[in-house]
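Let me begin by presenting the structure, written as structure tokens, before commenting on it.
In my numbering, the protein residues as written are 1469 to 1653.
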């Protein structure tokens, strides 16, 4: 068993590691788990190329995955983050939406984009690094149905709200994860 002072030093080292990343004036916030399960999930995602988590709403599953993705991006282990979701309405639909594929997906992907923004915002509260990632296509939005035939190398692929996906969609998602990539459902 590790002593409390050793755990604190390890956490301080990890926080310092996060905060030393500097691209221009952008710094990211360290991931600080609120409980042991969040800490376990974060470490599990970093260790395993494919992770799946289940649990009640509001337990920071998506935020933990977003933090892990940003961490791997900053470390240079991946080139970009890909987010997708099955656009299943929870009630009434708003109907046809004009625009590009990304613009149409924006309504469905706003929650995970917000989590990625939180993971990118540093101590100053500046979301410039997040905007930099979006502008330079380091965060990509892809429709779940258009994943077929794609291969993702050196990417972190997040399937948000995976419980809404069919078994065929889940299999398609799992087989898109390529060389040096991570997948999270």
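Note that beta-carbon positions come from the ideal geometry of N, C-alpha and C, so glycine has one too.
For residue i, the three-state DSSP class (helix, strand or coil)
i: residue 1615; result: coil
i: residue 1498; result: coil
i: residue 1553; result: strand
i: residue 1519; result: strand
i: residue 1513; result: helix
i: residue 1651; result: strand
i: residue 1489; result: Per-residue confidence for residue 1489 stands at a pLDDT of 45, beneath the threshold of 50, marking its modelled position as unreliable; the derived number appears in the next sentence. In the structure shown, residue 1489 sits in coil (DSSP, three-state: anything other than H, G, I, E or B).
i: residue 1628; result: strand
Whole-angstrom C-beta distance between residue j and residue i, which should lie under 8 Å
i: residue 1654; j: residue 1542; result: Any answer about residue 1654 is impossible in this case: the structure gives the chain only from 1469 up to 1653.
i: residue 1638; j: residue 1609; result: Contact doesn't hold; Cβ gap of about 19 Å is too wide.
i: residue 1535; j: residue 1587; result: 4 Å
i: residue 1530; j: residue 1594; result: About 22 Å separates the two Cβ atoms, so there is no contact after all.
i: residue 1551; j: residue 1626; result: 5 Å
With 16 other Cβ atoms within 10 Å as the buried cut-off, status of residue i
i: residue 1614; result: exposed
i: residue 1500; result: exposed
i: residue 1553; result: buried
i: residue 1520; result: exposed
For residue i, the residue or residues it bridges with in DSSP
i: residue 1607; result: 1549
i: residue 1623; result: 1548
CB of residue i within 8 Å of CB of residue j, strictly
i: residue 1522; j: residue 1624; result: no
i: residue 1533; j: residue 1652; result: yes
i: residue 1579; j: residue 1628; result: yes
Distance cut-off 7 Å: residue i Cβ against heavy atoms of the ligand COA
i: residue 1600; result: Only the bare structure without any ligand can be found here, which leaves the ligand COA out of the picture.
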